[in-house]
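Only one structure is covered here, and it is reproduced in the block below.
Numbering (this note's numbering), first residue to last: 215 to 311.
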């Protein structure tokens, strides 16, 4: 399945569940996550300078400490990258697996 097929499928799911919230799909080469998200959030910050943005990230919580070694710590990396923006709040929601 190609990326645009997955994006369209996710958009269809979103229309069923979260139609009241706008959805923006960011395409990213090479599975890069942090840099495209930071660039998009910075562009939102420049478009609406008085607005406080809240970024909510799922954070995977595992049972055993050794499983933490397998996680990429995306939330921590994104939080560090957005630290310089004063009106951007980054929060995490635990997701237990």
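Glycine included, C-beta positions come from ideal geometry on N, C-alpha and C. Here the structure is a predicted model, which means the values were calculated and not measured.
Beta-carbon proximity check, residue i vs residue j, cutoff 9 Å
i	j	result
residue 296	residue 247	no
residue 251	residue 301	no
residue 307	residue 263	no
residue 292	residue 269	yes
residue 289	residue 304	yes
Residue closest to residue i, alpha-carbon to alpha-carbon, out of the options
i	options	result
residue 278	232, 242, 230 and 310	310
residue 242	290, 294 and 218	218
residue 299	244, 265 and 280	265
Nearest-angstrom beta carbon gap, residue j and residue i [assumed within contact, 8 Å]
i	j	result
residue 237	residue 225	7 Å
Boundaries of the beta strand (DSSP E) in which residue i is found, first to last residue
i	result
residue 299	Premise fails: residue 299 is in no beta strand (DSSP E) and is neither H nor E.
Three-state secondary structure assigned by DSSP to residue i
i	result
residue 267	strand
residue 250	helix
residue 236	coil
residue 310	strand
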